[in-house]
Amino acid sequence: VNLSFKVNVQQNIRQSLRLKQNALDFLEADQHSRSARINQGKLVHELFSFIETEADLEAALIQMRQQGKLGHDDVPDLRQHVTQLLNQSMVSEWFDGTYRILNEKTFILPGFELLRPDRIMVGKGKVLVVDYKVSETVHSAHHKQVMHYCESIRQMGHEKVEGYLWYLKSNQIIDVYKNE
Numbered sequence: 143v144n145l146s147f148k149v150n151v152q153q154n155i156r157q158s159l160r161l162k163q164n165a166l167d168f169l170e171a172d173q174h175s176r177s178a179r180i181n182q183g184k185l186v187h188e189l190f191s192f193i194e195t196e197a198d199l200e201a202a203l204i205q206m207r208q209q210g211k212l213g214h215d216d217v218p219d220l221r222q223h224v225t226q227l228l229n230q231s232m233v234s235e236w237f238d239g240t241y242r243i244l245n246e247k248t249f250i251l252p253g254f255e256l257l258r259p260d261r262i263m264v265g266k267g268k269v270l271v272v273d274y275k276v277s278e279t280v281h282s283a284h285h286k287q288v289m290h291y292c293e294s295i296r297q298m299g300h301e302k303v304e305g306y307l308w309y310l311k312s313n314q315i316i317d318v319y320k321n322e
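Note that this note's numbering has the sequence shown beginning at 143, numbered continuously upward.
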């Protein structure tokens with residue numbers, strides 16, 4: 143049985159679906175501005191993957207600059223933006239060293255399903271899950287994703303689990319899951 147055709151069709155469908163997601167802003171007048179916003183969001187998201195505590199911000203900026211992902215002129219604005227995000231009262235404890243941090247760590251569920259939450263924090267008798275989003279639009283799929291992360295962590299034996307979505311552009315934090 144030749145399955146190569148079936149695989150190619152599935153790959154083409156996946157590529158088409160990815161392209162259609164971008165079609166929402168296709169007629170936006172300033173495509174350069176749109177690309178710059180998307181890139182800025184991805185940079186902030188990646189920067190957070192290097193940050194366990196607020197004190198890690200400078201080292202993370204240097205690392206991304208050395209990797210060629212940031213230009214010298216990008217650093218001050220990005221530093222200011224991330225500092226503002228980190229200084230809000232709800233998240234200050236997330237970045238003060240209180241919790242053991244697992245950033246961008248993949249874990250395997252029974253059945254070999256792979257999950258990779260953006261940030262898991264363990265401490266104070268609970269587990270907190272935060273998923274960063276760079277879009278400005280709140281989607282139900284984002285909620286479902288965090289719910290799945292939290293339920294999976296509960297099935298691993300952690301009784302107290304909290305889950306949050308953090309929309310980095312709007313600095314909106316949504317409490318998605320709490321089991322105490």
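Cβ coordinates follow ideal geometry from the N, Cα and C atoms, glycine included.
Looking only at DSSP bridge pairs, what is residue i linked to?
i, result
"Phe-249", "Leu-257"
"Asp-273", "Leu-307"
"Tyr-319", "Gly-305"
"Met-263", "Ile-243, Leu-270"
Whole angstroms are fine: how far does the CA of residue j sit from the CA of residue i?
i, j, result
"His-281", "Leu-310", "14 Å"
"Pro-218", "Ile-250", "38 Å"
"Glu-188", "Glu-322", "31 Å"
"Ser-312", "Tyr-274", "11 Å"
"Arg-221", "Ile-316", "23 Å"
"Ile-262", "Gln-209", "25 Å"
"Glu-194", "Gln-230", "16 Å"
"Arg-258", "Glu-278", "21 Å"
"Asp-216", "Ala-197", "19 Å"
"Gln-287", "Pro-252", "17 Å"
"Lys-184", "Gln-314", "17 Å"
Where does residue i sit, in a helix, a strand or coil, going by DSSP?
i, result
"Ile-193", "coil"
"Gln-314", "strand"
"Gln-226", "helix"
"Asp-215", "coil"
"Phe-168", "With a pLDDT of 44 at Phe-168, under the threshold of 50, the modelled position of this residue cannot be trusted, and the question is left open."
Could you tell me whether the Cβ atoms of residue i and residue j are closer together than 7 Å?
i, j, result
"Gly-265", "Tyr-241", "yes"
"Tyr-306", "Val-272", "yes"
"Ser-191", "Glu-235", "no"
"Leu-228", "Phe-237", "yes"
"Val-276", "Cys-292", "no"
Am I right that residue i and residue j are in contact with their C-beta atoms under 8 Å? What's the rounded C-beta distance?
i, j, result
"Val-269", "His-300", "5 Å"
"Leu-203", "Leu-212", "7 Å"
"Val-224", "Val-186", "6 Å"
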